[in-house]
Structures are given as C-alpha cells and as structure tokens.
C-alpha cells in the first residue's frame, strides 16, 4: 500500500483504528539519490510486518492533529538499536558480563522488561542448557525456565543426574547419588512483549552475550531447547525435527537439539523423543564429543 494517501484513504484507515503519521518529505541529497541502491538495513527499517514500506514511529514531541492517522512501526521495531553494544564482550568476566547485560539497551526489548534474565546454575558445569527467550515469570523472577516448563526441565535434568541448584561435583541427593551442576541460559535476555517470538535482530543483539557465557562455562555439551535457540546456535532455519538425532557444533562444543519444555507440555507424546535426545546428549558428553 502506498503511503501517498489521499483524504479518503486516511479516513478509511481512521475508521479501522489505524493511525498514520506522515513525516515531512526529506530533500534528496547526492548521498541518498535514487541512483544509490537501497541497503538491507534500509529495507529492514522501512518495511512493515504486512509488507507496507515507509512507516515511521511518531516523534515524542509531535502529536497527531485532529483526523490525522498514525501508523506505528511494525513489530520488528523493538529490535531497532537504541544504544551501541559495549565493546570487549569477548573479554569480560562473569561480573562484568552480568552487569553489561543488566544495563543493555541495544534493542527495544529493554523498554518493556522488568529485569534481564542472565542465567542460572554452575558456571563451571559440563552441561549447558540454552533456551529461547524469557516469559512472564522469568521476567519477574530474573531466572530462565521457571513455572511449569521450568519444573519439567528440572525433572528432565534430575533424571540424568543434573540440577541447576548443584555445584560441580554435586550437592543435592537423588536416591543417595549426588546431582551434578548445569548452567542454564536463554538466547534472548529480555522478555519480548506479550511473549511473542523474538525477532532476528533482537536475537542478534544478544548473540555476543550468549557466546561469552559459553566461552566462560566451557561446557562439554550444549542442549539447545526450542526453535530460536537452535537457529541462533546453529545459524540454520531447518526445523527441529530434521536436526534431532545428530551432533552439531557451536564454537567446537557439541550441540544436541531437542524440543522446548513448553512445547512438550502441549504435546505430551513428544516427551519420548526428548528423552531420546537426552540419552544422545549423555552419550556424547561421556565420550567427550
């Protein structure tokens, strides 16, 4: 839909509850002439989720006039950078990394979070679990995998002798046997509004933080749970069903793909497949990759 709207089109949008603000035209400059090809970044900033190009958010110091419509930016806008990403992430220790994540404003998700969700567990664990993005309870508690899906994950880990509460070498008895530690983190550190799926640019902003967490933990095995965790770690769009049962690699660390606990709660028969994935991960970890 063109943004050269006449009065009738504006009225129709207003009736539908769609508000449109049209910015003042910007004079062409030699640097941005028609001869200069549009970059990927330009296309990203100007494209709505429904394919309409040219929409911009309303400036804070300008309010729409009477009868004037305003089209807000598409859902991809929360990923728009608001502050430069800190330099030197790949050299940070745990304290510096946690503090950096807590103050991160690299994408729009910072506006709606209660707090960042950094990670939990044994920072020297042999096992690392990577999930997708925080939900409501994670956002409130500041810990990944809580609520029903977290309880299921804890039960799955306990079945193979692991616990987020245990230190390496293990406290916490399970039938008399010690539980080993595990480190748990999400790809995205802030809750997307309404628990929507994270956008690719939001995932990209958090990628350096996750990479540094993996480098600090130095796990023997990574369990990637859910589509966005898998896509981020493996840089693929292949569905989980096609990636299961194989040993993948992330910066040299073996990665086993499985379903997210929230998905398993909605699809109980798939738990058998998740158990098979855990068994494969145990085998890979025991033989050292």
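Numbering (this note's numbering), first residue to last: 234 to 522. Backbone N, C-alpha and C fix where the C-beta goes; we use that ideal spot for every residue, glycine too.
Which first and last residues belong to the alpha helix (DSSP H) in which residue i is found?
i           : result
residue 388 : 380–392
residue 447 : 433–450
residue 466 : 460–467
residue 514 : 504–519
Measuring straight from C-alpha to C-alpha, what distance separates residue i and residue j?
i           : j           : result
residue 521 : residue 451 : 13 Å
residue 318 : residue 436 : 13 Å
residue 412 : residue 394 : 5 Å
residue 383 : residue 422 : 16 Å
residue 249 : residue 473 : Any reading at residue 249 must be qualified, since the residue scores a pLDDT of 46, below 50, and its modelled position is unreliable; no value is offered.
residue 490 : residue 418 : 15 Å
residue 492 : residue 324 : 32 Å
residue 426 : residue 478 : 33 Å
residue 441 : residue 322 : 7 Å
residue 352 : residue 517 : 24 Å
residue 503 : residue 379 : 20 Å
residue 359 : residue 429 : 31 Å
residue 511 : residue 348 : 31 Å
residue 364 : residue 329 : 22 Å
residue 345 : residue 433 : 18 Å
residue 499 : residue 485 : 33 Å
residue 506 : residue 357 : 28 Å
residue 508 : residue 392 : 10 Å
If we count the other Cβ atoms within 10 Å of its Cβ and call it buried at 16 or more, is residue i buried or exposed?
i           : result
residue 333 : buried
residue 446 : buried
residue 464 : buried
residue 368 : buried
residue 459 : buried
residue 462 : buried
Where do the ends of the beta strand (DSSP E) carrying residue i lie?
i           : result
residue 361 : 360–364
residue 331 : Premise fails: residue 331 lies in the alpha helix (DSSP H), 327–335, not in any beta strand (DSSP E).
Pull up the CB-CB distance for residue i and residue j, whole angstroms please, since I reckon it's below 8 Å.
i           : j           : result
residue 372 : residue 424 : 4 Å
residue 514 : residue 456 : 6 Å
residue 414 : residue 399 : 5 Å
residue 431 : residue 366 : 5 Å
Q: Within the stretch 473–497, note down every full alpha helix (DSSP H) run reaching 4 residues or more, in order along the chain.
A: As far as the stretch 473–497 is concerned, its whole alpha helix (DSSP H) runs of at least 4 residues are 473–476.
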